[in-house]
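According to numbering that gives the first Met the number 0, the sequence shown holds residues 0 to 188 in order.
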Amino acid sequence: MLRSRNDQSSNKKRLYIAFYTAAQSTLENYHSALLLTPKRPKPTKFQAWRYHAQENDGDSGSAGRWKYDACRVRNDGRSLVDLETDGLRLVALLHVCKVNFRSTEIGFSLLLKEVDVKEGWEPGGDRDWVRDAIELLVERDVIGAVEIGIATVWGNGHRFAQSVEGCRQGRVPTCDLRGEKMKSEVVSL
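Here is the structure:
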């Protein structure tokens with residue numbers, strides 16, 4: 000089970016599953032990624048990190064559809080490329096847990112690089128990567144176990160994203176592991 004809030008220091012980073020819309024939708028109509036943010040992030044600062052399997056642009060040397068990417072993003076979940084190209088747009092977040100990772104975000108990135116990226120051209124590589132990444136984080140004791148199942152958690156977040164898509168508020172709609180709306184710390188611009 001994930002550690003309770005009482006067991007966790009309040010200034011730890013937050014780990015989310017992020018659901019983005021994109022020009023080319025994936026199997027589930029959203030692009031999935033992991034987002035690691037500071038507590039109460041200021042939206043215009045570049046302090047958050049996005050980790051995901053993204054569409055392969057052909058420059059990575061990989062013949063498959065997907066490749067691993069980790070990049071620093073603005074605290075509202077958007078990278079410089081997203082801002083310049085009107086690319087990924089953050090729809091919703093699922094709060095996974097607070098993270099007590101004693102390494103840098105780069106170290107976190109190197110750990111997640113160990114997660115296999117789906118080979119071939121079938122859709123869903125981003126979703127599968129997120130699920131496998133969470134399993135790796137649990138195996139390495141970076142986060143507590145997810146007792147209700149990672150596929151169920153992801154599905155709860157996906158349904159929540161569908162229910163809030165198009166809602167414009169001051170904060171990015173956020174849910175808990177069961178898909179229930181919770182107070183969001185991430186401000187939307």
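Where a beta carbon is used, it is the ideal one built from N, C-alpha and C, also for glycine.
Computed from a predicted model, the values in this text were never measured in an experiment.
Status (buried if at least 16 other CB within 10 Å, exposed otherwise) for residue i
i	result
GLN168	exposed
ARG13	buried
PHE107	buried
GLY47	It is Ala, not Gly, that sits at residue 47 in the sequence shown. Answer is buried; the Cβ neighbour count reaches 16.
Simplified DSSP state of residue i, which is helix, strand or coil
i	result
SER183	coil
THR43	coil
ARG158	helix
THR103	coil
VAL171	coil
GLU54	strand
ARG126	helix
LEU89	strand
THR84	Residue placement at THR84 cannot be trusted, given a pLDDT of 49 that sits under 50; the coordinates are not used to answer.
Same chain only: Cβ atoms within 7 Å of residue i, ignoring 5 sequence neighbours per side
i	result
HIS30	TYR19, ALA21, LEU87, ASP125
ASN215	Any question about residue 215 goes unanswered here, given that the chain covers just 0 to 188.
LYS41	ASN74
Beta-carbon proximity list for residue i, same chain, < 8 Å, skipping 5 on both sides
i	result
CYS174	ALA91, LEU92, LEU93, HIS94, ASN155, GLY156, PHE159, LYS180, MET181
LYS112	TYR67, ALA69
ALA11	Note that residue 11 is Lys in the sequence shown here, rather than Ala. Taken in chain order, the residues that qualify are LYS38, LYS97, VAL98, ASN99.
Beta-carbon contacts of residue i that lie in its chain and below 6 Å, excluding the five residues immediately before and after
i	result
ALA32	ALA17, ARG49, HIS51
Margin query: With three or more beta-carbon pairs closer than 8 Å as the criterion, would you say the region 156-165 touches the region 87-96?
Written below: Yes, since at least three Cβ pairs between the region 156-165 and the region 87-96 fall closer than 8 Å, the two stretches touch.
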